[in-house]
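In this note's numbering, the protein residues as written are -7 to 153.
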């Protein structure tokens, strides 16, 4: 049974890494489930606090990932229209453009929102780039945490052998 749980745990950690790039899969949460599954093996017993803190980190990173593009628009001079556009672009970009929509959806949404807010196209590009930078920053954060969870998973298993 332990081997089965180890395999499932590793699969969840790997799904988490893939989820760092695909918005359909909540990457950090999936990787955390890999750690949780490992906890139920005879190899490792994590403390309640470890599981709670790592879950809160995974949840926080997942939430931040949705907020960063909006902050990027705001910090680079975007209006409420740009922020709303980035949010709509983030939510619908994947469905319209596929996986590449994750990157360009918020950019196009923020650009459209800024133009609708009566800004010139030239004045709308900088806030739209802010949303693109935000998406990339969120992806980097998710990738870092999911890889760290996988490394900790493997370290915990190997050190218990």
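Where a beta carbon is used, it is the ideal one built from N, C-alpha and C, also for glycine. In this text, all values refer to a predicted model and were calculated from it rather than measured experimentally.
Between which two residues does the alpha helix (DSSP H) carrying residue i extend?
i, result
"residue 69", "Neither: residue 69 is in no alpha helix (DSSP H) and is coded neither H nor E."
"residue 36", "Segment: none, residue 36 is in no alpha helix (DSSP H) and carries neither H nor E."
"residue 109", "Run containing residue 109: none; DSSP gives neither H nor E here."
"residue 16", "Where residue 16 is concerned, there is no enclosing alpha helix (DSSP H), given that its DSSP letter is neither H nor E."
Is it the case that the Cβ atoms of residue i and residue j are separated by a distance below 8 angstroms?
i, j, result
"residue 109", "residue 71", "yes"
"residue 81", "residue 98", "yes"
"residue 19", "residue 11", "yes"
"residue 125", "residue 69", "no"
"residue 28", "residue 51", "no"
Sorted by chain position, which residues of the same chain lie with C-beta nearer than 7 angstroms to residue i's C-beta, five sequence neighbours on each side aside?
i, result
"residue 66", "75"
Which residues in the same chain have their Cβ closer than 8 angstroms to the Cβ of residue i, if we skip the five residues on either side of it in sequence?
i, result
"residue 107", "113 and 116"
"residue 62", "75, 78, 79, 123 and 126"
Exposed or buried, residue i, counting other C-beta atoms within 10 Å across all chains shown (16 or more means buried)?
i, result
"residue 147", "exposed"
"residue 4", "buried"
"residue -6", "exposed"
Skipping 5 residues on each side, what residues in its chain have a beta carbon closer than 6 angstroms to that of residue i?
i, result
"residue 77", "101, 102, 104 and 105"
"residue 133", "53"
"residue 15", "86 and 94"
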